[in-house]
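A.B. asks: Protein chains in written order, with the working numbering: chain D, 1 to 376; chain E, 1001 to 1376; chain U, 2001 to 2376; chain X, 3001 to 3376.
Number of protein chains: 4
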Amino acid sequence: MDFYSINEIPVKVHGRTVEGACPLPLFWNHAGVEVNVAASELWIELSVDCGFHEPWIAVELNGALMSRQMLLPGEHSLCLFRSMTPDVVKNVKFYRELQAMSEDDRCHILVKGFKTDGKFFPVEDKKLKLEFIGDSITSGEGTYGATTDTDWLAMYMSSSRHYASIIEKSLDAEARIISQGGWGVFCGWDNDVRHNIPSVYEPVCGLATGEFNEKLGASKPYDFSSWVPDAIIVNLGTNDDSAFSQPPLEIPGMGTFKQRRNEDGSYNAEDIKKVEDAIVNFLKMLRKHNPTSHIVWVYGMLGYGLTLPITDAMNRYRNETGDTNTAFINLPNTIRETFGAHMHPGYAAHIEAAKVLGEYLAARFNIPVKEVLGNL
Amino acid sequence: MDFYSINEIPVKVHGRTVEGACPLPLFWNHAGVEVNVAASELWIELSVDCGFHEPWIAVELNGALMSRQMLLPGEHSLCLFRSMTPDVVKNVKFYRELQAMSEDDRCHILVKGFKTDGKFFPVEDKKLKLEFIGDSITSGEGTYGATTDTDWLAMYMSSSRHYASIIEKSLDAEARIISQGGWGVFCGWDNDVRHNIPSVYEPVCGLATGEFNEKLGASKPYDFSSWVPDAIIVNLGTNDDSAFSQPPLEIPGMGTFKQRRNEDGSYNAEDIKKVEDAIVNFLKMLRKHNPTSHIVWVYGMLGYGLTLPITDAMNRYRNETGDTNTAFINLPNTIRETFGAHMHPGYAAHIEAAKVLGEYLAARFNIPVKEVLGNL
Amino acid sequence: MDFYSINEIPVKVHGRTVEGACPLPLFWNHAGVEVNVAASELWIELSVDCGFHEPWIAVELNGALMSRQMLLPGEHSLCLFRSMTPDVVKNVKFYRELQAMSEDDRCHILVKGFKTDGKFFPVEDKKLKLEFIGDSITSGEGTYGATTDTDWLAMYMSSSRHYASIIEKSLDAEARIISQGGWGVFCGWDNDVRHNIPSVYEPVCGLATGEFNEKLGASKPYDFSSWVPDAIIVNLGTNDDSAFSQPPLEIPGMGTFKQRRNEDGSYNAEDIKKVEDAIVNFLKMLRKHNPTSHIVWVYGMLGYGLTLPITDAMNRYRNETGDTNTAFINLPNTIRETFGAHMHPGYAAHIEAAKVLGEYLAARFNIPVKEVLGNL
Amino acid sequence: MDFYSINEIPVKVHGRTVEGACPLPLFWNHAGVEVNVAASELWIELSVDCGFHEPWIAVELNGALMSRQMLLPGEHSLCLFRSMTPDVVKNVKFYRELQAMSEDDRCHILVKGFKTDGKFFPVEDKKLKLEFIGDSITSGEGTYGATTDTDWLAMYMSSSRHYASIIEKSLDAEARIISQGGWGVFCGWDNDVRHNIPSVYEPVCGLATGEFNEKLGASKPYDFSSWVPDAIIVNLGTNDDSAFSQPPLEIPGMGTFKQRRNEDGSYNAEDIKKVEDAIVNFLKMLRKHNPTSHIVWVYGMLGYGLTLPITDAMNRYRNETGDTNTAFINLPNTIRETFGAHMHPGYAAHIEAAKVLGEYLAARFNIPVKEVLGNL
């Protein structure tokens, strides 16, 4: 078998990263590498590190999920397949199952290259490109794990069977994911105003911090022209809603923050305005960088509380900008039967959500919907 | 068997009607009479008339749909059950499967009473009361009939297996329906500004016109305190959206009407404002008459076009009134596989919609959801 | 509108009956008449009688179930549709929802003809012909009615949404049904050895007795060459199994009968042999009259107790005759969630059964399976 | 962290193996070790080897599938979880996803022990014990992998989401699996008469051959009293059926073998008798070693061809032995929509099969059925 460096073979890169980097960092959830290879055997060469939160990865062969496993610090040589008919071209996709971990600067996966006894062929782009932006729901938290499990851990997160990946498969699309558990569009679940997705949207990976990620290029500006999504799906608001029910948070050097409720339990108007302003501004930011993309705000998988404020902001954005290439859709709320681990939407809830959103996108882009249960 | 006049037995009346009327008119879709009776045999005595649009009716026994049939002009004596164990109390519900027909003044069903060999017992009220307000979707158009059928006919409409009745059964609730096919909140599908539901909401049955209905009391003010819904579900907007794609309509003596689109296909701002104003005013009307009811606007079963204008109006209503006891939910769009007759949502689409809305109401009112397929 | 006698128009007759009879008796469950008619209005003219067990009927328009209702003694003129576009050809099927009632000699439906303002056209035969033979399951008992209902009544029986009709629709076939609740292949549920289906299989309708049915021709030999089924589905054994758990039955003039169990609860070998002999003989009878039909014995919707005896008899039949054009398939047992009225398989159980058997027949006859929920 | 040898901690062993062996060989599909441990971190220590067919394994945490991966030759230290709340007891199950590989003598997984910072607690036995005996279907072949994949490879086999494991989870049972792809009850798919499951049933693992497995104790007699199944499910016959359609096979030193068909395509009686004799003898063997177990023969997931011969043999067994503690059930045939990789039943087909068989076992043993999709 020969070793091929990641920059000397035709490889399709999934997820935002530094173009041409070698080794190639997989910053985001669902970030990965995809190859077409005629070989009997294929290995991937990785360099991995982490602190508390170890990265997990998944492997798909010809579009079907074959493997899901934990990676620990070290240099790894992972066999992706072996003993196969050499001449047949196989499609292999290796991707990260874990969100960018803002709380673990050491956590990273670097792809150095592949070993094989065969030959690589180019991977065609998919016709439909989808960018998903969200929180723990979009980080797939709870799609693996027992409903009784309540630790907050890397292993419960995924992108192999959550709504974005189900839609990706059923519409034959390619999906990128920008997400962080606990974060919102204005603030995090605990009133932490630093934890807003817009603040990390513009660099390559604004969530990957620390010296090592800095060197990798995570904080560099992202070239939005390099991958133009047909649709951007924003699934934010769940944590912004939660903040209204949490105690005040004191952030050293910044002050104390609290999204307030009125005495009758309704949202305080000033604080709702903060959320709405954040939405309007985020829509403007998204539009600035993605002038042609259809923007769909989806909401509801963990409660419908902010539906009206979100749509209020979307309407304000429309009125201010005249941009009508946006839409809002509720996704079905998670119910007792569809919860997964850590009180998050489980696999069944993601199937439901993927159905509604997938049908919307299929109709919008005139694409048939495939049944994909067997490949998840 | 003895005859019992409708006003001399304990009967539960479904749907708005004139209190104490004898015979009792069933004005609305799903309007009906429900009795508990220990008997071997039960007949209902009816007086029916119609022009083009004949009324259809359904019969439920102990909560299960047993019969659905057409009624034609004349005096009818309809057997609801026979040969049953006399001493056991049966619950029987007889109801109209057809919307109030604004285009057929003759169309009516009057319940004169029952014939039986047994004895009547009171019917308890359900704990949850739901009022559904809508257009053809809420008139159940397309829930019966082949997908190839395209005539506009009474027989394709129903309230025996559409989303409102599925929710009614699965939440053990009682539902009332105020609906008219082709109508909107501001105007009808064809730009007819007379065809707006708010204009007919306040009388007992503003849709039943003509001399005969007048005499029955259809145009009398409705006593909103007589039946207080826990939730009002408004499913309007689909025809308002349609109007933007239809040619101008000239209404003799009133002028020419047309909801306009801009050159780029987007909605004309002035005309959207008309829809939004109508929504705000309708919400105010609903709240005036139903001070305690939770108001849920649902939308999407035939396209998501007006989601943002509807929510914009809902937000304006919130800001103007401070009333936060409202919510907005998308219902899943109808897809190729779920269409029914006359290009309307079919039974499968209504099952999907009932799932999402039913779960929402179940969570809100803390009620378990029952499986009811076998009773539909 | 003009009246057309049943024997002067091109009508497709469903179910065994006396060829050319006018009026036309509908003896069996699912027996009916089907017409293609270009008209705005269509009425069917009926003559009906019954004692305890009133017949129910169903109406389908273009393949979709529109109406289900009770018929009572008398001459009836029933409107099947009205107000439709005159020139379009509609397909209308009117059929009996009730099994032949062996216990009610008066029970009958006679079709005299149709009234219409239009014109009739021939109805093409379906490519696939299926004969279903069975007991209460095949009489659709429990497919309508609440699970709490326990009376034994006509209204709980059907052929509009039980496994045979679901398969008929999903395979675009035509189905005939020979069934009687409580009967078996050897004896009835209560050890009544007179209640075996083979004894009534050979006449036109061996279950319709009494002077009136005699005159109609029910007891005449049936011409098996007049409608050759591609497959015969026998769903018997459930009542034969039940008999082993019931007390002895004394039949005046015939003796006392009891299918026995051994002390350990297993079936008595002599008595099982009676069932097996009956099966072998019935298979021979079926083959004699239907030399080319594929015979499938299905079993299990109310327990798997006799699976091995049934297959034992089927193997004996194979060995004795060399005829291998037979098969055996279990249908899924009814479970708590899928029961219907009167402790019988409900609609959901029939959907499950139709799936398994429908897929088998689809594979055997190379026919695609259509989704038909909306038309039931 | 401390290392604990497999024989010094309370570990529940799944699958037949040599009692007390250290390291512990995992011979069979689904063979594994299960522990309860209060710890923040747990590792398993393995010794693995293989030739062409590498073993795959799966890890479950608190009953939910977390990981599935390939293992390659070498000494492995695999992290099963980390960073968890130390004091909480976790249940962890590590098991083989690959059948015993009769064609790869080197293929093995040995469990040496665990490393942890915590403490082990005993694992309670489940109330229901199920033994599944079968071929490639029971080896889970095709439950992973794209439908277009046609290589015969270890990675397509599984026991993490096939019918046996779905039933195991939904009935809260423990399952053991004895299976080999391509084998039958009389002969293999290609007429190889050596490939019959009965010949390998009596030793610990009759399929694991070669010097190394010999030393491990695979060929030792199995102590059937050590784990008494409540039910034995035999899913054999599919390959025996296939042999009738394959060319003759010459086995050096043994002769040429061919299951014949008659000219009309039906099975040759002599050759069918060989299959039936094999079934009768296998039932006797099963009963000899498992005197109290309910034996259910299931069949049909890849065609119903041998239903009658199988039941014929089962009836002969009943008659010869008087043992009625057996049953036969068809499982639904795999259809176009439910196929998986390598032309085998896919995940969806296994869900269907698990439903029918699971309901049967649930009724038989009076156990509720749990919904488990989220844990697969």
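Cβ coordinates follow ideal geometry from the N, Cα and C atoms, glycine included.
Which residues does DSSP list as the beta-bridge partners of L1046/E?
C.D. replies: Counting from one through the second sequence, the residue named residue 1046/E turns up at place 46. Paired residue(s): H1076/E and V1111/E.
A.B. asks: K2093/U lies in the beta strand (DSSP E); which residues open and close that run?
C.D. replies: Residue 2093/U sits at position 93 when you count from the first residue of the third sequence. V2089 to R2096 is the span of the beta strand (DSSP E), which, as asked, contains K2093/U.
A.B. asks: Could you tell me the distance, in whole angstroms, from the CA atom of R2318/U to the CA atom of T2324/U?
C.D. replies: Here residue 2318/U refers to the residue found at position 318 when the third sequence is read from its first residue. Here residue 2324/U refers to the residue found at position 324 when the third sequence is read from its first residue. Using only the alpha carbons, I get a separation of about 6 Å.
A.B. asks: Among N1268/E, V1275/E, K1220/E and H1108/E, which has the Cα closest to the Cα of G1188/E?
C.D. replies: Counting from 1 along the second sequence, the entry for residue 1188/E is found at position 188. Nearest C-alpha to G1188/E: V1275/E.
A.B. asks: Whether or not the region 118-128 of chain D and the region 3036-3051 of chain X are in contact is what I'm after, with contact meaning three or more pairs of Cβ atoms, one per stretch, closer than 8 Å; do they touch?
C.D. replies: At 8 Å Cβ cutoff, the stretches do not touch.
A.B. asks: Confirm the yes/no value for this check: CB of P1055/E, any heavy atom of the ligand HEM, distance under 7 Å.
C.D. replies: As presented, the structure is devoid of all ligands, the ligand HEM included, so that no description of it is given.
A.B. asks: Which runs of the beta strand (DSSP E) fall wholly inside the region 1321-1357 of chain E and span at least 3 residues, in chain order?
C.D. replies: Listed in chain order, they are 1326-1330.
A.B. asks: When the Cβ atoms of the region 1240-1258 of chain E are set against those of the region 1189-1208 of chain E, are three or more pairs found closer than 8 Å?
C.D. replies: Counting Cβ pairs under 8 Å, three or more are found: they touch.
A.B. asks: Could you please give me the residues that DSSP links to A2038/U through a beta bridge?
C.D. replies: Against the third sequence, residue 2038/U aligns to sequence position 38. According to DSSP, A2038/U bridges with V2089/U and K2119/U.
A.B. asks: Check E2060/U in the structure and name its three-state DSSP category.
C.D. replies: Taking the third sequence and counting its residues from 1, the one referred to as residue 2060/U is at position 60. Of the three classes helix, strand and coil, the one that applies to E2060/U here is strand, per DSSP.
A.B. asks: Would you say T3324/X reaches chain U, if we count a Cβ-Cβ gap shorter than 8 Å as a contact?
C.D. replies: Within the fourth sequence, numbered from 1, the residue matching residue 3324/X stands at position 324. It does: the Cβ of T3324/X has a partner Cβ on chain U nearer than 8 Å.
A.B. asks: For Y3347/X, which residues from the same chain have a beta carbon less than 7 Å from its beta carbon, with the 5 sequence-adjacent residues on both sides left out?
C.D. replies: For the purposes of this step, residue 3347/X is identified with residue 347 of the fourth sequence, where counting begins at 1. Cβ neighbours of Y3347/X beyond the five flanking positions: T3143, R3161 and G3340.
A.B. asks: At a CB-CB cut-off below 9 Å, which residues of chain E make contact with R260/D?
C.D. replies: Numbered from its first residue, the first sequence carries residue 260/D at position 260. Residues of chain E passing the Cβ test: none, with the nearest at roughly 14 Å.
A.B. asks: Do the CB positions of L110/D and P25/D come within less than 8 Å of each other?
C.D. replies: In the first sequence, residue 110/D corresponds to position 110, counting from 1. In the first sequence, residue 25/D corresponds to position 25, counting from 1. Result yes, Cβ atoms of L110/D and P25/D sit closer than 8 Å.
A.B. asks: Is it the case that the region 3331-3339 of chain X contacts the region 3200-3208 of chain X, given that we only count it when at least three CB pairs across the two stretches are under 8 Å?
C.D. replies: The region 3200-3208 of chain X, when compared against the region 3331-3339 of chain X, does not touch it at the 8 Å Cβ threshold.
A.B. asks: Under 8 Å by Cβ, that's how I've got V2018/U and K2220/U pegged, so tell me the actual separation to the nearest angstrom.
C.D. replies: Within the third sequence, numbered from 1, the residue matching residue 2018/U stands at position 18. Within the third sequence, numbered from 1, the residue matching residue 2220/U stands at position 220. Rounded, the Cβ-Cβ distance is 7 Å, consistent with contact.
A.B. asks: In terms of DSSP beta bridges, what is H14/D paired with?
C.D. replies: Locating residue 14/D in the first sequence gives position 14, counting from the first residue. DSSP, once it has assigned bridges, lists G32/D as partnering H14/D.
A.B. asks: Skipping 5 residues on each side, what residues in its chain have a beta carbon closer than 8 Å to that of D1151/E?
C.D. replies: Within the second sequence, residue 1151/E is the residue found at index 151, counting from 1. Here the set comprises H1342.
A.B. asks: Is it true that the region 3227-3236 of chain X meets the region 3284-3295 of chain X, where meeting means three or more beta-carbon pairs spaced less than 8 Å apart?
C.D. replies: The region 3227-3236 of chain X, when compared against the region 3284-3295 of chain X, does touch it at the 8 Å Cβ threshold.
A.B. asks: Output needed in chain order: residues of the region 3082-3109 of chain X with a Cβ under 7 Å from some Cβ in chain D.
C.D. replies: Under the 7 Å Cβ criterion, the region 3082-3109 of chain X contributes R3082, S3083, M3084 and T3085.
A.B. asks: Please report whether the beta-carbon of Q2180/U lies at a distance below 8 Å from any beta-carbon of chain C.
C.D. replies: No chain C appears in the structure shown, which is made up of the protein chains D, E, U and X.
A.B. asks: For F3061/X and L3042/X, what's the separation of their Cα atoms in angstroms?
C.D. replies: Indexing the fourth sequence from 1 puts residue 3061/X at position 61. Indexing the fourth sequence from 1 puts residue 3042/X at position 42. Correcting the residue identity first, residue 3061/X is Leu in this sequence and not Phe. Looking at the two C-alpha atoms, the distance is approximately 11 Å.
A.B. asks: How many angstroms separate the CA atom of N1235/E from the CA atom of D1135/E?
C.D. replies: As a position in the second sequence, residue 1235/E is number 235, starting the count at 1. As a position in the second sequence, residue 1135/E is number 135, starting the count at 1. When rounded, the distance between both Cα atoms is 7 Å.
A.B. asks: Please check the pair E1337/E and E2352/U, which I expect to be a contact at CB under 8 Å, by giving their CB distance rounded to whole angstroms.
C.D. replies: By one-based count along the second sequence, residue 1337/E stands at place 337. By one-based count along the third sequence, residue 2352/U stands at place 352. About 20 Å; that fails the 8 Å criterion.
A.B. asks: A2327/U touches chain X at which residues, Cβ-Cβ below 7 Å?
C.D. replies: Numbered from its first residue, the third sequence carries residue 2327/U at position 327. Those are Y3304 and T3307, listed as they occur along chain X.
A.B. asks: Can you pull the chain X residues whose beta carbon is under 8 Å from the beta carbon of A2363/U, in chain order?
C.D. replies: Along the third sequence, read from residue 1 onward, the residue named residue 2363/U stands at position 363. The answer, in chain order, is N3333 and I3335.
A.B. asks: What does N196/D pair with, by DSSP beta-bridge criteria?
C.D. replies: Translated into positions along the first sequence, residue 196/D becomes position 196. Paired residues: G184/D.
A.B. asks: For a cutoff of 8 Å on Cβ pairs, would you count E34/D as touching chain X?
C.D. replies: Residue numbering aside, residue 34/D sits at position 34 when the first sequence is read from its first letter. No, E34/D lies away from the interface with chain X (no Cβ there is under 8 Å from its Cβ).
A.B. asks: Name the DSSP beta bridge partners of S1170/E, please?
C.D. replies: Along the second sequence, one-based indexing puts residue 1170/E at 170. DSSP output for S1170/E lists no bridge partner at all.
A.B. asks: Do T3116/X and V3037/X have their CB atoms nearer than 8 Å?
C.D. replies: In the fourth sequence, counting from the first residue as 1, residue 3116/X sits at position 116. In the fourth sequence, counting from the first residue as 1, residue 3037/X sits at position 37. In this structure, V3037/X lies closer than 8 Å to T3116/X by Cβ.
A.B. asks: How would you list, in chain order, the residues of chain D whose beta-carbon sits under 7 Å from the beta-carbon of Y3347/X?
C.D. replies: Locating residue 3347/X in the fourth sequence gives position 347, where the first residue counts as 1. Result: L373 and G374.
A.B. asks: Taking all protein chains shown into account, do 16 or more other C-beta atoms lie within 10 angstroms of the C-beta of T1148/E, making it buried, or fewer, making it exposed?
C.D. replies: Mapped onto the second sequence, residue 1148/E falls at position 148. T1148/E is exposed by the Cβ-count criterion.
A.B. asks: My parser needs the beta strand (DSSP E) runs of 3 or more residues fully inside the region 1244-1277 of chain E; what are they?
C.D. replies: If we require 3 residues or more, the beta strand (DSSP E) runs fully inside the region 1244-1277 of chain E come out as 1249-1251 and 1255-1257.
A.B. asks: Would you check if the distance between the CB atom of G1305/E and the CB atom of D1241/E is smaller than 8 Å?
C.D. replies: Translated into positions along the second sequence, residue 1305/E becomes position 305. Translated into positions along the second sequence, residue 1241/E becomes position 241. In this structure, D1241/E lies closer than 8 Å to G1305/E by Cβ.
A.B. asks: Classify F3/D as buried or exposed, calling it buried when 16 or more other Cβ atoms lie within 10 Å of its own Cβ.
C.D. replies: Numbered from its first residue, the first sequence carries residue 3/D at position 3. Exposed.
A.B. asks: Quick test of your reading: F282/D and Y267/D, contact by CB under 8 Å. State the CB separation rounded to the nearest angstrom.
C.D. replies: Start at 1 with the first residue of the first sequence, and residue 282/D comes out as number 282. Start at 1 with the first residue of the first sequence, and residue 267/D comes out as number 267. Not quite, the Cβ-Cβ distance comes to about 19 Å (not below 8 Å), so this is no contact.
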